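Numbering (our numbering), first residue to last: 139 to 301.
Here a beta-carbon is modelled for each residue, glycine too, at the ideal position from N, C-alpha and C.
Owing to the predicted nature of the structure, the values given are computational and were not obtained by experimental measurement.
Following this line, the structure appears as structure tokens:
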């Protein structure tokens with residue numbers, strides 16, 4: 139089954155481990171917000187506190203599980219450039235493998251939100267002629283994102299002109 143996700147003639151490039159730092163920071167922020175909400179509920183609604191205790195325990199279990207899953211998920215993101223197409227793979231439990239032919243690319247753009255910029259990260263989005271294609275590569279350092287955007291744009295133009 140893992141043979142579906144192997145490309146023998148292309149080296150895979152992993153995303154930056156700083157993507158895990160970003161996602162873990164977001165996990166901690168969401169956890170703090172949930173804990174604050176549980177605390178307010180405990181103070182405002184004195185009845186049925188056992189539900190709040192169960193929710194707090196679930197939160198206490200979910201954080202370490204989420205922490206580990208974020209690390210594994212970020213480690214699973216990679217891309218490979220070949221002569222005619224780009225491969226993007228990701229996922230731990232549910233794996234996804236996308237093949238994007240350069241000739242089908244219509245737009246390559248880069249996004250970086252405030253937290254991504256703070257950590258020196260960017261995301262490359264690939265838009266193709268197919269409406270369902272949502273290929274993206276998060277967690278790239280800006281220089282690599284710009285290099286990849288420029289290369290994909292040039293290859294896309296070259297391949298499209300040959301049609």
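Report the option in the options whose CA atom is closest to the CA atom of residue i.
i: residue 169; options: 281, 195, 255 and 276; result: 195
i: residue 154; options: 268, 266, 289 and 259; result: 259
i: residue 142; options: 268, 232 and 206; result: 232
i: residue 157; options: 211, 204, 203 and 150; result: 211
i: residue 144; options: 181, 179, 214 and 192; result: 214
i: residue 164; options: 204, 191 and 150; result: 204
i: residue 199; options: 173, 183, 239 and 234; result: 173
i: residue 235; options: 244, 206 and 272; result: 272
i: residue 159; options: 290, 280, 206 and 182; result: 206
i: residue 240; options: 166, 183, 167 and 296; result: 296
For residue i, count the other beta carbons within 10 Å of its own beta carbon; 16 or more makes it buried, fewer makes it exposed. Which is it?
i: residue 187; result: exposed
i: residue 254; result: buried
i: residue 294; result: buried
i: residue 139; result: For residue 139, the pLDDT reaches just 47, beneath the cut-off of 50, and the residue's location in the model is therefore unreliable, although a value from the coordinates is still provided. Classification for residue 139: exposed.
i: residue 286; result: buried
i: residue 227; result: buried
i: residue 152; result: exposed
i: residue 264; result: buried
i: residue 223; result: buried
i: residue 230; result: exposed
i: residue 246; result: buried
i: residue 290; result: buried
Go through its chain and collect everything with a Cβ distance to residue i's Cβ below 6 Å, but skip five positions before and after it.
i: residue 148; result: 218 and 220
i: residue 242; result: 266 and 267
i: residue 161; result: 208
i: residue 201; result: 169
i: residue 197; result: 172
i: residue 150; result: 216 and 218
List the endpoints of the continuous alpha helix (DSSP H) containing residue i.
i: residue 255; result: 252 to 256
May I ask which residues mark the beginning and end of the beta strand (DSSP E) holding residue i?
i: residue 274; result: 273 to 278
i: residue 247; result: 243 to 249
i: residue 142; result: Residue 142 -> no beta strand (DSSP E), and no H or E assigned at all.
i: residue 260; result: 260 to 266
Excluding the five sequence neighbours on either side, which residues of its own chain have a C-beta within less than 7 Å of the C-beta of residue i, listed in chain order?
i: residue 193; result: 176
i: residue 180; result: 187 and 190
i: residue 237; result: 223 and 225
For residue i, which residues of its own chain have a beta-carbon under 8 Å away from its beta-carbon, when the five flanking residues on both sides are left out?
i: residue 261; result: 248, 249, 250, 254, 274, 275, 276, 277, 278 and 283
Just to confirm, does residue i get its C-beta within under 7 Å of one of the non-hydrogen atoms of the ligand MN?
i: residue 258; result: Judged by which ligands are present, the structure shown has none, so any question about the ligand MN falls away.
Quiz prompt | Those runs of the beta strand (DSSP E) which lie wholly inside the stretch 169 to 238 and span at least 3 residues | solution = 216 to 219 and 223 to 228
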